[in-house]
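J.: Questions regarding the structure given below will be posed in turn.
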């Protein structure tokens, strides 16, 4: 009898230790998220104790959700990367965003009346996602005012981002959009020349800019012929940054 009680006690201690380790890892990941940034570790632990949620793991290229799926409450990327794409009637895919660690999935739509995703979410690599139901998230915001304020800020930032995206797609030429993209991602080298190293494929970049790969290739070729850039494998060197800045400003 005593041996059985001892085994049950040890088993309970092991389960408790595993649970504490999992909660500790989750708290560390959430500490760097958009929603919990700046919170004390003890405060995040308190949040998770009251609202543990769940963690789902996805493999590379897994489809997390498709256009029209329910939002599914609050979802935060703990590890990995997702791509958010939107498809048109012609089948062309527009890359809306790449969501890395700490990002919230569709924050502006969590409490929308329609409650469905406007994009398809696919994993670029193995990804962990933390999920809280809409009801649980409402309770969290009531109990932790700092979380509520950061969530409101996120919605405001999303609105600003979408306005810029609309302007980029409808009001500016591809030359101007590509010039802005290169300037934004390039890093200045010791010789004074800025260099952009591709982390995405040309297809992904064309999706991001909302154009076909052929159109993007034509503009890059034009920039190369005019001596604005030099292209070698994944490296793009900006040889004439002033001309590129002018193209960006011309729209």
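In this note's numbering, the protein residues as written are 630 to 880.
Just so you know, even glycine gets a beta-carbon here, dropped at the ideal spot from N, CA and C.
(1) Are the beta-carbon atoms of residue 693 and residue 758 separated by less than 8 Å?
(2) Please report the straight-line C-alpha distance between residue 847 and residue 683, rounded to a whole angstrom.
(3) Are residue 813 and residue 824 closer than 8 Å when you measure CB to CB?
(4) Return the bridge partner residues of residue 728 from the DSSP annotation.
(5) With distances taken from CA atoms, which of 756, 834, 866 and 865 is nearest residue 731?
(6) Counting only the same chain and skipping the five closest in sequence on each side, list residues whose C-beta sits under 8 Å from that of residue 655.
(7) State the Cα-Cα distance for the pair residue 736 and residue 858, rounded to the nearest angstrom.
(8) Is residue 740 helix, strand or coil when you go by DSSP?
(9) Measure the alpha-carbon distance for residue 711 versus residue 843 and round it to whole angstroms.
(10) With DSSP as the reference, label residue 864 as helix, strand or coil.
(11) Report the rounded CA-to-CA distance for residue 869 versus residue 840, giving the unit in angstroms.
(12) Going by Cα to Cα distance, which pick from 673, 762, 742 and 753 is closest to residue 686?
(13) Specify the secondary structure class of residue 786 as computed by DSSP and reduced to three states.
(14) What is the DSSP secondary structure of residue 773, reduced to helix, strand or coil?
(15) Going by alpha carbons, who is nearest to residue 833 out of 775, 853 and 722?
(16) Given residue 810, which residues of its chain have a CB within under 8 Å of its CB, disregarding the five upstream and five downstream residues?
(17) Assign residue 790 to one of two classes, buried (16 or more other C-beta atoms within 10 Å of its C-beta) or exposed (fewer than that).
(18) Taking the alpha carbon of residue 662 as the reference point, which residue from 829, 779, 803 and 788 has its own alpha carbon closest?
(19) With respect to the beta strand (DSSP E) encompassing residue 692, which residues constitute its N-terminal and C-terminal limits?
(20) Using only CA atoms, which one of 829, 781 and 804 lies nearest to residue 849?
(21) Pick helix, strand or coil for residue 716, following the three-state DSSP scheme.
(22) Work out the CA separation of residue 726 and residue 716 for me, nearest whole Å.
(23) Is the distance from the Cβ of residue 680 to the Cβ of residue 761 below 8 Å?
(24) Measure the alpha-carbon distance for residue 689 versus residue 664 and round it to whole angstroms.
T.: According to the data block:
(1) Position 64 of the chain shown holds residue 693. Position 129 of the chain shown holds residue 758. Yes. Within cutoff.
(2) Residue mapping note: residue 847 aligns to position 218 of the chain shown, counting from 1. Residue mapping note: residue 683 aligns to position 54 of the chain shown, counting from 1. Spanning the two alpha carbons is a distance of roughly 47 Å.
(3) On the chain shown, residue 813 is found 184 positions in, with the first residue counted as 1. On the chain shown, residue 824 is found 195 positions in, with the first residue counted as 1. No, these two residues do not count as a Cβ contact at 8 Å.
(4) Within the chain shown, numbered from 1, the residue matching residue 728 stands at position 99. Its beta-bridge partners are 711.
(5) What you label residue 731 is simply residue 102 of the chain shown in a count that begins at 1. That would be 756, whose Cα lies nearest to the Cα of residue 731.
(6) In the chain shown, the residue the question calls residue 655 occupies position 26. For residue 655, where only same-chain residues beyond five positions count, the Cβ hits under 8 Å are 677, 684, 707 and 759.
(7) In the chain shown, residue 736 corresponds to position 107, counting from 1. In the chain shown, residue 858 corresponds to position 229, counting from 1. Approximately 38 Å between the Cα atoms of the pair.
(8) Your numbering for residue 740 matches position 111 in the chain shown. Residue state, collapsed to three classes: coil.
(9) Start at 1 with the first residue of the chain shown, and residue 711 comes out as number 82. Start at 1 with the first residue of the chain shown, and residue 843 comes out as number 214. Straight-line Cα distance between these residues: approximately 25 Å.
(10) For this step, residue 864 is matched to residue 235 along the chain shown. Strand, per DSSP.
(11) As a working mapping, residue 869 is identified with position 240 in the chain shown. As a working mapping, residue 840 is identified with position 211 in the chain shown. Approximately 24 Å between the Cα atoms of the pair.
(12) If you number the chain shown from 1, residue 686 lands on position 57. Of 673, 762, 742 and 753, the residue nearest in Cα terms is 753.
(13) Position 157 of the chain shown, counted from the start, is the residue given in the question as residue 786. Helix.
(14) Within the chain shown, the letter at position 144 stands for residue 773. Residue 773: coil per DSSP, three-state reduction.
(15) Position 204 of the chain shown holds residue 833. Here the closest residue by C-alpha is 722.
(16) By one-based count along the chain shown, residue 810 stands at place 181. Contacts found: 834, 837 and 838.
(17) Residue 790 sits at position 161 when you count from the first residue of the chain shown. So residue 790 ends up on the exposed side.
(18) Locating residue 662 in the chain shown gives position 33, counting from the first residue. Out of 829, 779, 803 and 788, 779 has the C-alpha closest to the C-alpha of residue 662.
(19) Against the chain shown, residue 692 aligns to sequence position 63. Note, residue 692: beta strand (DSSP E), 692-694.
(20) As a position in the chain shown, residue 849 is number 220, starting the count at 1. The residue with the shortest Cα to Cα distance from residue 849 is 804.
(21) In the chain shown, residue 716 corresponds to position 87, counting from 1. In the structure shown, residue 716 adopts extended strand secondary structure according to DSSP, grouped into three states.
(22) If you number the chain shown from 1, residue 716 lands on position 87. If you number the chain shown from 1, residue 726 lands on position 97. About 13 Å.
(23) Along the chain shown, read from residue 1 onward, the residue named residue 680 stands at position 51. Along the chain shown, read from residue 1 onward, the residue named residue 761 stands at position 132. The beta carbons of residue 680 and residue 761 sit closer together than 8 Å.
(24) On the chain shown, residue 689 is found 60 positions in, with the first residue counted as 1. On the chain shown, residue 664 is found 35 positions in, with the first residue counted as 1. Computed Cα separation, rounded: 25 Å.
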